[in-house]
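Shown next, in C-alpha cells, is the structure this report addresses.
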Amino acid sequence: MIRVTGSLTCATAADADLVRQHLPEHIRLSRAEPGCLTFRVEPTDDPLVWRLDETFADRAAFEAHQTRARASDWFRVTAHLLRDFNVVDEPDYPAA
5 MIRVTGSLTC ATAADADLVR QHLPEHIRLS RAEPGCLTFR VEPTDDPLVW RLDETFADRA
65 AFEAHQTRAR ASDWFRVTAH LLRDFNVVDE PDYPAA
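Just so you know, we're using the numbering used here here: the sequence shown kicks off at 5 and counts up by one.
As C-alpha cells, this is what we get:
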C-alpha cells in the first residue's frame, strides 16, 4: 500500500480561493480512481494550508493517480503551490 501524507500551502488568499473552488472535484475524481483506498485533503487552522492523507492499493494505482491529476484542471490552477508530500510504501497487514 502507498501512503501519501503532507501539506499543500498557498501563498495568498487568492490561491486559497482557487483551492477551495477546485478541490471538491479533485477529491471526487481521485476517490473514484481504481486502487484509491482513501483520499482526504482538509483545511488546517491556517487558512492557507491544507493537510492531506491518501492511500492507494499499490504503486501502479498511485502512479495512475499522479498521471491523471497532472493532466487535470486541478493541477493546472494549483501547480505553483507549495506541495510538501511524503510518499511511503507501507506493507500490507492482514486484518485481525
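C-beta: ideal position from N, C-alpha, C; glycine also.
Cross-strand partners of residue i (DSSP beta bridge)
{"i": "D57", "result": "T9 and R44"}
{"i": "D93", "result": "I6"}
Local conformation of residue i per DSSP, three classes
{"i": "D49", "result": "coil"}
{"i": "L27", "result": "helix"}
{"i": "L86", "result": "strand"}
{"i": "D62", "result": "coil"}
{"i": "L34", "result": "The sequence shown places Ser at residue 34, not Leu. Note: S34 maps to helix in three-state DSSP."}
{"i": "A75", "result": "coil"}
Among the options, nearest to residue i - alpha-carbon criterion
{"i": "L86", "options": "V8, I6, C14 and M5", "result": "C14"}
{"i": "R35", "options": "V91, A61 and P51", "result": "A61"}
Local Cβ density within 10 Å of residue i, reported as buried at 16 or more and exposed below that
{"i": "V23", "result": "buried"}
{"i": "T16", "result": "exposed"}
{"i": "E58", "result": "buried"}
{"i": "A20", "result": "buried"}
{"i": "T48", "result": "exposed"}
{"i": "H84", "result": "exposed"}
{"i": "F66", "result": "buried"}
Q) Pairing CB atoms from the stretch 72-90 with CB atoms from the stretch 38-49, are three or more of them under 8 Å? A) no
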